[in-house]
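Input: a single structure, listed below in structure tokens.
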Amino acid sequence: MARVVKKAVYGTLPSLHSRVQLLQREPITRNSQQNSITLEREDSQSETSSSSGNSSVECSPRRRDEFLRYEDSDEEETYTTSSKISHSFVDLVSQRSLGHGHPASVNLEYGTRHLLTNGNLREHPTHLGEMNKIFCSQWLNGHQIVFGSKCNKLSVYDLNKKELFSIPLLTSLQNRQPESQCGIHALAINPSQSILATGAENTNDIAFYSLPTFDPLAIGEGAHSDWMFDLKWLDDCFLVSGSRDTTMALWKLEEAYHPKVINFKALAVKRCKTAEKVRALAFNKRDIEIAALSLNGYIHVWKANTFKQIGTQKLHHGTENVCLGYHDERNLYAVGSRSHTTVLDARSLQPIQNKNIASPYPTCGIRSVSFRGDILTIGTGTGSILFYDLRSSKYMLFKDTTKEIVFKTSTGWVAADDSPQAMARYTPAIYTHCYDSSGTRLFAAGGPLAVERRGNYASVWS
1 MARVVKKAVY GTLPSLHSRV QLLQREPITR NSQQNSITLE REDSQSETSS
51 SSGNSSVECS PRRRDEFLRY EDSDEEETYT TSSKISHSFV DLVSQRSLGH
101 GHPASVNLEY GTRHLLTNGN LREHPTHLGE MNKIFCSQWL NGHQIVFGSK
151 CNKLSVYDLN KKELFSIPLL TSLQNRQPES QCGIHALAIN PSQSILATGA
201 ENTNDIAFYS LPTFDPLAIG EGAHSDWMFD LKWLDDCFLV SGSRDTTMAL
251 WKLEEAYHPK VINFKALAVK RCKTAEKVRA LAFNKRDIEI AALSLNGYIH
301 VWKANTFKQI GTQKLHHGTE NVCLGYHDER NLYAVGSRSH TTVLDARSLQ
351 PIQNKNIASP YPTCGIRSVS FRGDILTIGT GTGSILFYDL RSSKYMLFKD
401 TTKEIVFKTS TGWVAADDSP QAMARYTPAI YTHCYDSSGT RLFAAGGPLA
451 VERRGNYASV WS
């Protein structure tokens, strides 16, 4: 929905009006009010005398310089006319095309909601060859998407050219290698859209690239002894990472540009108390807090400015907690589990009433969650994408129907290692999804849910 404040260009006041003169008249009006009452009394007495036949009595003349005040003035009503508000997109576009600087805003979720309820989004599969399981993704601009895979590949897909570009990974100084590679689980772009942080060739370390050229900048190393699972920027310089070794690290990228790639250490590395394997992170800008989700069913809160843990809350649904989302306007967290999506108040970490969302597919596993206004998008482990309306507290329905909006994905590519019967039942897990800046396109990606199976799925819904 659009909101435009419509202000009159002319006709509000006379062209030669002076606000100073109007203000100067106010004290004169107050002083003459009593005299006006007296004159009215004299006029009434004069009229009474005149009606009684005493025509020789004359009424008291008013002074020529006296200012008369009218209670009901059309000019005053015109002067106090308030601005009107329009909720029409036509007014928004017309005012913008005319160059008028009237205050205007657009509800970010309006286009998304309209396309979903009218069934206008269609699946457009993206072919990625034999890449294995897409774990994370971000839109770079209106036609490019960057994502990381389990086979430890960082790639950019161009929607216009239909081409896939591979980005070389950065090697740590000591060239250490973990016992087993987990792939690239996280990538994050700083607020100014100038730096991308993601996993390095050693999946315990962090690589920094300059955008949009993907020139290598730096490698953060030595903080984690196991896989790095998630990253979140606090601002353009500070970054927080969470790892499978139960630690969280605070990083600071001092300079954005260097003649060669630099290797640096974290500012601080701390163990997350009561946690087992930090799986996902979220940054609460309103309270300046970091939320960390651990695989043992707890959510933890850290103060971002001091990097100290201040609280821990046990989750009611504490099985397979692998994804965490944050709603900055409503100050809410969304936590996915095996069969539920729980919405928490960020202040108390308690579930919101009527927001313990059961999946229509039991034990499907919630693999990705995100907020787009009041729309909560849920990616499952069974090839389905669900849409929950926070305002109505129910899954979204197609317009003028009682049918829920569910995106059923295609299979993508999967290695033919199983029997034909197992292949026929296969559906990919949606490990990641993200909207573009307009909210009119949704990128969803993933792959097989089973650890031993190889495959990938990627599509743009538009």
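Under full-length UniProt numbering, the residues of the sequence shown are numbered 1 to 462, in order.
Note that CB positions come from ideal geometry on N, CA and C, so glycine has one too.
Beta-carbon spacing of Lys303, Glu289 below 8 Å:
yes
If we call anything under 8 Å between Cβ atoms a contact, is Ser243 one with Asp215?
no
Determine whether the beta carbon atoms of Ser459 and Pro125 lie at a separation below 8 Å.
yes
Within 10 Å of its beta-carbon, does Thr402 have 16 or more other beta-carbons around it, so buried, or fewer, so exposed?
exposed
Length at least 3, wholly inside the segment 171-208: the beta strand (DSSP E) runs in chain order
187-189 and 195-199
Does DSSP put Ala282 in a helix, a strand or coil?
strand
By the DSSP assignment, the alpha helix (DSSP H) with Tyr426 in it spans what residues?
Taken as a continuous stretch (DSSP letters only), Tyr426 belongs to no alpha helix (DSSP H), as it is neither H nor E.
Hey, could you find the ends of the beta strand (DSSP E) Arg271 is sitting in?
Ala268 to Arg271
Exposed unless 16 or more other CB atoms sit within 10 angstroms - verdict on Ser368
buried
What's the call for Ile85, buried or exposed, on a 16-neighbour Cβ count within 10 Å?
exposed
Need the endpoints of the beta strand (DSSP E) that Gly111 sits in, please.
Unbroken run through Gly111 is the alpha helix (DSSP H), Leu108 to Thr117; no beta strand (DSSP E).
In terms of DSSP beta bridges, what is Lys150 paired with?
Looking at the DSSP assignment, Lys150 forms no beta bridge with any residue, so it has no partner.
Grab me the residues of Thr80's own chain with a C-beta within less than 8 Å of its C-beta, minus the 5 sequence neighbours each way, in chain order.
Low per-residue confidence applies at Thr80: pLDDT is 44, beneath 50, and the placement is therefore not dependable enough to give any value.
Within this structure, are the beta carbons of Ser370 and Thr363 separated by less than 8 Å?
no
How long is the line joining the alpha carbons of Gly365 and Ala444, rounded to whole angstroms?
16 Å
Let me know if Lys232 comes out buried or exposed under the rule of 16 or more other beta-carbons within 10 Å of its beta-carbon.
buried
Would you please state the rounded distance, in angstroms, between the beta carbons of Phe135 and Ser149? I believe it to be under 8 Å.
7 Å
Can you tell which of His327, Arg96, Leu449 and Leu293 has its C-alpha closest to the C-alpha of Asp427?
Sequence inspection shows Thr at residue 427; the Asp mentioned does not correspond to that position. Measuring from the Cα of Thr427, the nearest candidate turns out to be Leu449.
Which residues bound the beta strand (DSSP E) around Arg367?
Ile366 to Arg372
On a CA-only basis, which of His433, Arg453 and Gly447 is nearest Trp461? Give me that one, please.
His433
Quick one: which unbroken beta strand (DSSP E) runs of 3-plus residues sit fully inside the segment 285-327? Chain order, please.
289-294, 298-303, 308-314 and 323-327
Taking the straight line between their C-alpha atoms, what separation do you get for Asp287 and Lys308?
14 Å
Counting along the chain, where does the beta strand (DSSP E) carrying Leu239 start and finish?
Phe238 to Ser243
Among all the DSSP beta bridges, which residues are the ones paired with Phe407?
Ile385
In the DSSP assignment, the beta strand (DSSP E) including Asp230 goes from what residue to what residue?
Met228 to Trp233
Taking the Cβ atom as the reference point for each residue, do Gly325 and Gly297 lie within a distance shorter than 8 Å?
no
C-alpha distance - Glu109 paired with Arg372, whole-angstrom precision:
6 Å
So what does DSSP say about Leu98, is it helix, strand or coil?
helix
What number of angstroms, rounded off, separates the C-alpha of Glu404 from the C-alpha of Ile430?
19 Å
Quick one: what does DSSP say Leu211 is sitting in, helix, strand or coil?
coil
From Met423, Leu295, Arg454 and His114, residue whose alpha carbon lies closest to that of Ser438:
His114
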